[in-house]
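**Q**
Protein chains: 2
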Amino acid sequence: MSDTIDRNDERAQRILDAAEKLITHYGYDKTTVGEIAQEAGVSKGAIYLHWNSKEALFDALLWREVTRTMKSILAYVETDPDGGTVHGFLKGMLKAISDSALITATYAQDQRILGKHLLRRDLSLLDHRFVVYRDALTRLAQVGVVRPDINPAAVAYILNAVSYGFFNLPLPVSTLSTNLVIEVLGDILERALTPEQIGGVDAGRRILVEAIQDLVSRLSTRG
Amino acid sequence: MSDTIDRNDERAQRILDAAEKLITHYGYDKTTVGEIAQEAGVSKGAIYLHWNSKEALFDALLWREVTRTMKSILAYVETDPDGGTVHGFLKGMLKAISDSALITATYAQDQRILGKHLLRRDLSLLDHRFVVYRDALTRLAQVGVVRPDINPAAVAYILNAVSYGFFNLPLPVSTLSTNLVIEVLGDILERALTPEQIGGVDAGRRILVEAIQDLVSRLSTRG
DNA sequence: TTTTGACCAAATATGCATATTTGGTCAAAT
DNA sequence: ATTTGACCAAATATGCATATTTGGTCAAAA
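Chains as they are written, first to last, in our numbering: chain G, 1 to 223; chain S, 1001 to 1223.
#1: Whole angstroms is fine: what's the gap from I1228 (chain S)'s alpha carbon to L1062 (chain S)'s?
#2: Could you check how far apart the C-beta atoms of V66 (chain G) and V162 (chain G) are, in whole angstroms? I think they sit under 8 Å.
#3: Can you tell me the Cα-Cα spacing of E78 (chain G) and M70 (chain G), whole angstroms?
#4: Beta-carbon within less than 6 Å of S2 (chain G)'s beta-carbon, same chain only, minus the 5 sequence neighbours each way: which residues are those?
#5: Is there a Cβ from chain G that is less than 8 Å from the Cβ of T1178 (chain S)?
#6: Answer with yes or no whether the minimum CB distance from S72 (chain G) to chain S is below 8 Å.
#7: If you draw a straight line from the C-alpha of P1148 (chain S) to the C-alpha of S98 (chain G), how long is it?
#8: Applying a beta-carbon distance threshold of less than 7 Å, which residues of chain S neighbour R191 (chain G)?
#9: Between the segment 1099-1118 of chain S and the segment 1132-1141 of chain S, do three or more beta carbon pairs fall short of 8 Å?
#10: Any contact between the segment 1050-1060 of chain S and the segment 1077-1094 of chain S? By contact I mean 3 or more CB pairs, one from each, below 8 Å.
#11: Starting from W51 (chain G), follow the alpha helix (DSSP H) in both directions and report where the run begins and ends.
#12: Suppose the cutoff is 6 Å on Cβ atoms and the five residues either side in sequence are ignored; what does the same chain contact list for D29 (chain G) look like?
#13: Nearest chain S C-beta to D214 (chain G) closer than 8 Å, yes or no?
#14: Starting from Q109 (chain G), follow the alpha helix (DSSP H) in both directions and report where the run begins and ends.
#15: Whole angstroms is fine: what's the gap from G165 (chain G)'s alpha carbon to I158 (chain G)'s?
#16: Taking contact to mean at least 3 C-beta pairs separated by less than 8 Å, is the segment 180-192 of chain G in contact with the segment 1186-1193 of chain S?
#17: Please report how far the alpha carbon of P172 (chain G) lies from the alpha carbon of Q1038 (chain S), in whole angstroms.
#18: Give me the Cα-Cα distance between F1242 (chain S) and L176 (chain G), rounded to the nearest whole angstrom.
#19: What does the alpha-carbon distance come out to for the pair E1196 (chain S) and G88 (chain G)?
#20: Is the beta carbon of A1040 (chain S) closer than 8 Å to that of A1018 (chain S)?
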């Protein structure tokens, strides 16, 4: 990871902040390195002291957002009472992703923001998520957090599908809020997946933490 | 609705069959009227005896598919034991839509198949579905088919979201089949939405039949 | 009366020269 | 040692003439 040449980390962060602001607003293709430099209050050359291409800068930005988001989900899983359950995990995940315009764009495969060629890479991300979810669900069933008779693969696919729809469909103009939808979705999953007597929620936390770490490591090694 | 000048209905159907085959394969933009004529075994002029533009032909094709699909869903709602429930309805709907490549493309907003400008119209379709679902869920709760404490708007949005994901996400290469996913999704919704003692399934059928008819009528009057 | 397919205007695609923008560099400034 | 911004090649955008395709028509054929 990281063809970054991090010397002055504070400045690097400032540049990433500027890039985030501009790219989430205008998109990768329409944002120039010069504009990022201007927004960050540095020269264009300074940017190339940190990364050796615009794409590397974007990768660094994406990576920062991924790790931030994953950390947020991890904190949710580890501290929330429902953090060890599937519905708790999904709630934490949807909330964390909603907080990051870039990660939201990644999930929504938003070409206007991510640029043309950068979409390709993220296609395999779906497969990664499916595998990680499926395996986690299998283990969660073994420790009694989810019903033993669910089909892990099918449920994993459905979790992906509903997440995809969530980030792609605009909310109808009504009293509906993002958080309300997330709560109701969590409620649906809780009722559908929880066994008569739930158990092993702490084991569930461990499983989900590992799943998140697994997903991150799969992202860090591009392929 | 229908600037069709239907004289010879058998031939019109044959032309629509040809158009369906070519458009679902090559897309609206890449399919020419001449090719449709050739595939249908008629002259190009003959097509314009039925419809006065390529777009009108496409509208007729789309409308045929919509009514077919809706009829299929109606039959499911009216005959299936679970037809009066939300999960039964969604199962019937997903299956019926999966049977039509064109309607699937509509749900997936597949620009390659639907062509450039035709996407615009269908954007309001999402709003229509949301309203119809929400109102149907409200009534279904009143007759005891779904739990009275659900949020109809949120659930309506989630049904749209999961359907959207279903038609947009490819199935992972595994033992997962379309029907299996539909069954598991139906199972999830059944567990999540069904009250302790369910009642009024026949009233539910009527509500859902009306909802479907409502949706069709909203589609027929474009706007 | 019904159907056809040659025909045409309009739209779309292609090729190409020119103009502009932009990612990336590096000698000079700090 | 660090940072800058003028500079440049490459990519992208623009304009335009030409070529091709295609939606739609209608006089003639069946």
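We treat Cβ as the ideally placed atom computed from N, Cα and C, and that holds for glycine.
**A** The structure says:
#1: Past the edges of chain S, shown from 1001 to 1223, lies residue 1228 (chain S), and the structure says nothing about it.
#2: Contact doesn't hold; Cβ gap of about 21 Å is too wide.
#3: CA-CA distance, E78 (chain G) to M70 (chain G), rounds to 12 Å.
#4: A caution first: S2 (chain G) carries a pLDDT of 39, below 50, which makes its placement in the model unreliable, though a value can still be read off. Contacts found: none.
#5: So, not an interface residue.
#6: It does not; no Cβ of chain S falls within 8 Å.
#7: In a straight line, the C-alpha of P1148 (chain S) is about 29 Å away from that of S98 (chain G).
#8: Those are R1191, A1192, listed as they occur along chain S.
#9: No, the segment 1099-1118 of chain S does not touch the segment 1132-1141 of chain S.
#10: Short answer: they don't touch.
#11: First-last for W51 (chain G): undefined, no H or E at that position.
#12: If the five residues before and after D29 (chain G) are omitted, its C-beta is found closer than 6 Å to the C-beta atoms of G115, all from its own chain and listed in chain order.
#13: Among the residues facing chain S, D214 (chain G) is not included, as its CB has no counterpart in that chain under 8 Å away.
#14: Note, Q109 (chain G): premise wrong, no alpha helix (DSSP H); not H, not E.
#15: So the alpha carbons of these two residues sit roughly 10 Å apart.
#16: The way I'd put it, the segment 180-192 of chain G does touch the segment 1186-1193 of chain S; three or more beta-carbon pairs between them come closer than 8 Å.
#17: Their Cα atoms are separated by approximately 44 Å.
#18: Coverage of chain S is limited to positions 1001 through 1223, which leaves residue 1242 (chain S) absent and any answer about it impossible.
#19: Straight through space, the alpha carbons of G88 (chain G) and E1196 (chain S) are spaced by roughly 24 Å.
#20: Taking 8 Å as the cut-off, the Cβ atoms of A1018 (chain S) and A1040 (chain S) count as close.
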